[in-house]
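Read left to right, the sequence shown gives residues 1 to 740 (full-length UniProt numbering).
To keep things clear, I will list the structure first and then write my remarks on it.
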Amino acid sequence: MFAVSRRKVERKQQRRARKQRRAATFSGKPSPKQTAHPVQPARQKVQVSKPTLKRAASADTHVARKRQKESEEAQDINIDKLSAAEKPQSFTRPISVLLQEKGQEAMQAEEAFQRQLAKKLGIKGKAAQQFTRSGAQQGNGVPGDVDASSDGSEDADSSRDDSSDDAPSESDTSAAEGSGKEDIHYLPKDNLYGAQETSISAGTYVPPALRARVKAGADGGALQRRVKGLLNRLAASNLQGIASEVAALMQQAGRLAVGDLLTDELLQAVVKGPRASAAFCGVTAAFFTGLAASLQAPELGARFAEATAMQLEAARLEGDTLACRNLVLLLGNLCMCGLLHVGILFSLLATFTARFDEEDVVMMHGLLGACGFHLRSQDPSALKDFIVAVHARAASSTMTQRARLLLDLIIDIKNNRKHSKSSAKADAAGLHMASEASLEPPVKAWLSKVDTAAVQLHGLSWDTLISSNKKGLWWLPGASRDDSSAAMTQLLAESAGAGEDGTRLLKLAAQQRLSTDVQRAAFCCLMGASDPAQAAERLLRLPLKGEAERTLVTVTVDCCLREAAWNPYYAHVLARLAAASKGHRTTLRVCMADRLKRTLAAADDLLGDEAHQEGDAVVRRRHNLACLLSTLLADRSLSMAVLKGQALTARRFWNAAFLRLFERLKSQERAAAIFSGLVRQPGMVELAGKIVTFLNGSLLPHLIQSSPNEQRRENLRQTIVSVEKLLRLGIGSTVNADTF
Numbered sequence: 001m002f003a004v005s006r007r008k009v010e011r012k013q014q015r016r017a018r019k020q021r022r023a024a025t026f027s028g029k030p031s032p033k034q035t036a037h038p039v040q041p042a043r044q045k046v047q048v049s050k051p052t053l054k055r056a057a058s059a060d061t062h063v064a065r066k067r068q069k070e071s072e073e074a075q076d077i078n079i080d081k082l083s084a085a086e087k088p089q090s091f092t093r094p095i096s097v098l099l100q101e102k103g104q105e106a107m108q109a110e111e112a113f114q115r116q117l118a119k120k121l122g123i124k125g126k127a128a129q130q131f132t133r134s135g136a137q138q139g140n141g142v143p144g145d146v147d148a149s150s151d152g153s154e155d156a157d158s159s160r161d162d163s164s165d166d167a168p169s170e171s172d173t174s175a176a177e178g179s180g181k182e183d184i185h186y187l188p189k190d191n192l193y194g195a196q197e198t199s200i201s202a203g204t205y206v207p208p209a210l211r212a213r214v215k216a217g218a219d220g221g222a223l224q225r226r227v228k229g230l231l232n233r234l235a236a237s238n239l240q241g242i243a244s245e246v247a248a249l250m251q252q253a254g255r256l257a258v259g260d261l262l263t264d265e266l267l268q269a270v271v272k273g274p275r276a277s278a279a280f281c282g283v284t285a286a287f288f289t290g291l292a293a294s295l296q297a298p299e300l301g302a303r304f305a306e307a308t309a310m311q312l313e314a315a316r317l318e319g320d321t322l323a324c325r326n327l328v329l330l331l332g333n334l335c336m337c338g339l340l341h342v343g344i345l346f347s348l349l350a351t352f353t354a355r356f357d358e359e360d361v362v363m364m365h366g367l368l369g370a371c372g373f374h375l376r377s378q379d380p381s382a383l384k385d386f387i388v389a390v391h392a393r394a395a396s397s398t399m400t401q402r403a404r405l406l407l408d409l410i411i412d413i414k415n416n417r418k419h420s421k422s423s424a425k426a427d428a429a430g431l432h433m434a435s436e437a438s439l440e441p442p443v444k445a446w447l448s449k450v451d452t453a454a455v456q457l458h459g460l461s462w463d464t465l466i467s468s469n470k471k472g473l474w475w476l477p478g479a480s481r482d483d484s485s486a487a488m489t490q491l492l493a494e495s496a497g498a499g500e501d502g503t504r505l506l507k508l509a510a511q512q513r514l515s516t517d518v519q520r521a522a523f524c525c526l527m528g529a530s531d532p533a534q535a536a537e538r539l540l541r542l543p544l545k546g547e548a549e550r551t552l553v554t555v556t557v558d559c560c561l562r563e564a565a566w567n568p569y570y571a572h573v574l575a576r577l578a579a580a581s582k583g584h585r586t587t588l589r590v591c592m593a594d595r596l597k598r599t600l601a602a603a604d605d606l607l608g609d610e611a612h613q614e615g616d617a618v619v620r621r622r623h624n625l626a627c628l629l630s631t632l633l634a635d636r637s638l639s640m641a642v643l644k645g646q647a648l649t650a651r652r653f654w655n656a657a658f659l660r661l662f663e664r665l666k667s668q669e670r671a672a673a674i675f676s677g678l679v680r681q682p683g684m685v686e687l688a689g690k691i692v693t694f695l696n697g698s699l700l701p702h703l704i705q706s707s708p709n710e711q712r713r714e715n716l717r718q719t720i721v722s723v724e725k726l727l728r729l730g731i732g733s734t735v736n737a738d739t740f
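Here it is as structure tokens:
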């Protein structure tokens, strides 16, 4: 029993001795065992695990900081009660200097501890220096930023968090100003990666414009790096793959943002690139053309062409010959790839010919060398006119060597001589002769697969590209010019012949809430004409296309519905427009169907007093719409298909419309010619059934009650009955045909 207890005591003593030796290893103090036996060597390498070293180091650092803080708190006195002369030197110096000295002392202590620890672990040489430096940086607890609004307390973190102590005392302010050594500023914080944080703190109001700018700046850097990474790998061999990755990036970050970044990066490379950049210009042109065609986004190509034109004009004004040569070469490759129509380049050549300076001759030579034979094959007549203009311009001025070489190149293109001595002479004279075969076969094969014709910019001129007054979808044919405003001004001058009438028409257009130039021009044409023929002629003379052309019909219909009383003038104008163009006829049908739905959506069945409660404006609008519909149907400017989808439940409106229609037809033959189309056209059987139900259930009873003239009433009744029989026979035959 005593032996067992003795062994336990010995094991406890051994464990205690091991703990003392381990503690002495990190503290540097000799253990009791080392003191009792001085014969043992003082330096002894001990294998200790890394987690144990980290815990021991952090424990010692924590103890040292705790003791330092306790000593400072013990020596703390009420500084505010002392005068400036009685304050210690540490309180009259700027707080930034104190914190800096305090940090240096802490750093020195940490370095000493790390050197001692490296010596204990047996680390020597550069490894010991690196170990000491990294350990001192990790163990230093001095704050890295100084708050200028601190009140001088030792705890910088607490003074930064406590808003009530932000204002410094008068004594501290005077002492800081008296020192004159350093101006204290807010220091930006560093994030985990060493970059300064510029984000706005929470709780601060940020205007919406600043929010968008900060967000764009935060996201734009990453997006720009991704775009640069893709463009750095751009080559003729992986052109299609890079375009696919860029298209996927556009789905994430937006087509406009990525397109602008691509334009900036590529144009910067072209402008600042080397002189022999024919291959790069060809790859760039093929990449942007194929990207726009694969996405079916002509706006990408339009913005890129516009930016290229702007860069060329800026480089010409600055006298940068290298940039001009590269940009002209890029334009030629864009035409070769199919993004630019040859008319744009002929317009550019005409601009060069009009100036015919030395720089213009150089750019003309580079452009013709890049795509001269392509221009010859696409538009020989335009090339012939250009050759005549160049010869006339050269004859009227002094011929230089470069001008002679340009004429030689033009003659070679005219005679279709691709290999001649003029190219060697041009290289010798400093004129870079680019080859048209700059596109590799894989690039041409990829461009042939995508639909480049759908995104080609045509109908534009060089002045359009460099103009700063472009609006909307300016790259579409006819949309880049402000023809509507010019036509409106001309037509206002012609209408009534006086300036006051034009001003009056503009005021009336503003009262009708016509905001666009096209709407105002159409309004002036309608109101300034003397008869429907003149109004239709003026409307058709406006150089409009697409959506702007459809505005003519909608403005005419709206003006008709806003009249105080029914005016057949607008019906005659619409009939002439529908007869002049199939597009106007389709627009009229769609517009009338839309106005019917919008006008009759409020109430389906209004009688007597209910109509007066709505107001005179709504009643006039419905009356004018019914009269306009019946007139257009009777004149066959509209087909009965315009009624497809209508419920025919607003009995007051439809009774007036159909009764006026049958009155204008005046005969059963004309009525049969109009309504027979319902039974002949597929898909109109349902509409024919609705009309038959309406004629029996609503129109005939209304005719008996409203018409005092018996002869007129009988004629209308016979016409209605004949139409009803015709529709019933057509419906029956259609049903029988479908059954069998």
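Backbone N, C-alpha and C fix where the C-beta goes; we use that ideal spot for every residue, glycine too.
If you're wondering where the values come from, they're calculated on a predicted model, not measured in any experiment.
query: With a Cβ-Cβ cutoff of 7 Å, do residue 263 and residue 315 count as a contact?; result: no
query: Nearest-angstrom Cα distance between residue 453 and residue 339?; result: 8 Å
query: How about residue 698 and residue 651: are their beta carbons less than 7 Å apart?; result: yes
query: In this structure, how does DSSP classify residue 340 when only helix, strand and coil are distinguished?; result: strand
query: Among the residues of its own chain, which have a CB less than 8 Å from the CB of residue 554, if the five just before and after it don't count?; result: 587 and 591
query: Leaving out the 5 sequence neighbours to the left and right, which residues in its chain are closer than 7 Å to residue 286 when beta-carbon positions are compared?; result: 239, 337, 439, 443 and 447
query: Please name the residue or residues paired with residue 508 in a DSSP beta bridge.; result: Answer is none; residue 508 lacks a bridge partner.
query: Compute the distance between the beta-carbons of residue 660 and residue 630, then report whether it is under 7 Å.; result: yes
query: From the DSSP output, in three-state form, read off residue 267 for me.; result: helix
query: With burial defined as no fewer than 16 other Cβ atoms inside 10 Å of the residue's Cβ, what is the status of residue 13: buried or exposed?; result: exposed
query: Give the C-beta separation of residue 637 and residue 677 to the nearest angstrom, bearing in mind that I take them to be a contact with Cβ-Cβ under 8 Å.; result: Not really, about 14 Å apart at Cβ, beyond 8 Å.
query: I think residue 292 touches residue 298, with their Cβ atoms under 8 Å apart; what is that distance to the nearest whole Å?; result: 6 Å
query: Find the nearest neighbour of residue 624 within the set 681, 562 and 662, judged by alpha-carbon distance.; result: 562
query: Does DSSP put residue 428 in a helix, a strand or coil?; result: Only weak support exists for where residue 428 lies, its pLDDT of 44 falling under 50; the value from the coordinates is given anyway. Helix at residue 428.
query: Which whole runs of the alpha helix (DSSP H) in the stretch 630-702 are 4 residues long or more, in chain order?; result: 651-665, 668-680 and 685-694
query: So residue 726 and residue 672 are in contact, right, with Cβ under 8 Å, and what is the actual spacing, rounded?; result: 6 Å
query: Below 7 Å between beta carbons: does that hold for residue 574 and residue 556?; result: yes
query: Quick one: Cα of residue 79 to Cα of residue 120, how far?; result: Residue placement at residue 79 is poorly supported in this model, since its pLDDT is 46, which falls under 50; the coordinates still yield a value, given next. Each residue's alpha carbon lies about 44 Å from the other.
query: So the candidates are 372, 364 and 353; which of them puts its Cα closest to the Cα of residue 395?; result: 353
query: Once DSSP output is grouped into helix, strand and coil, what is the label at residue 544?; result: coil
query: With distance defined between alpha-carbon atoms, name the residue in 234, 270, 242 and 301 nearest to residue 260.; result: 301
query: Kindly indicate the opening and closing residues of the alpha helix (DSSP H) around residue 366.; result: 358-378
query: Just checking, does the stretch 355-365 make contact with the stretch 460-477 on the three C-beta pairs under 8 Å criterion?; result: no
query: Would you grab the beta carbon distance between residue 696 and residue 724 for me? Rounded to a whole angstrom, and I think it's under 8 Å.; result: 7 Å
query: Under 7 Å between the Cβ atoms of residue 621 and residue 653?; result: no
query: Tell me the rounded alpha-carbon separation between residue 668 and residue 722.; result: 7 Å
query: If you count every other CB in all the chains shown that lies within 10 Å of the CB of residue 17, and 16 or more means buried, which is it?; result: exposed
query: Which residues bound the alpha helix (DSSP H) around residue 294?; result: 278-295
query: Would you tell me roughly how many angstroms separate the C-alpha atoms of residue 282 and residue 515, rounded to the nearest one?; result: 45 Å
query: Whose C-alpha, out of 693, 716 and 680, is nearest the C-alpha of residue 704?; result: 716
query: What would DSSP say about residue 261, mapped onto helix, strand or coil?; result: helix
query: Should residue 571 be labelled buried (16 or more other beta-carbon atoms within 10 Å of its own) or exposed?; result: buried
query: Over what stretch of residues does the alpha helix (DSSP H) that includes residue 300 continue unbroken?; result: 298-318
query: Alpha carbon to alpha carbon, what distance is there between residue 386 and residue 346?; result: 8 Å
query: Starting from residue 231, follow its DSSP beta bridges and name the residues at the other end.; result: DSSP output for residue 231 lists no bridge partner at all.
query: Would you decide whether residue 258 is buried or exposed? Buried here means 16 or more other CB atoms lie within 10 Å of its CB.; result: buried
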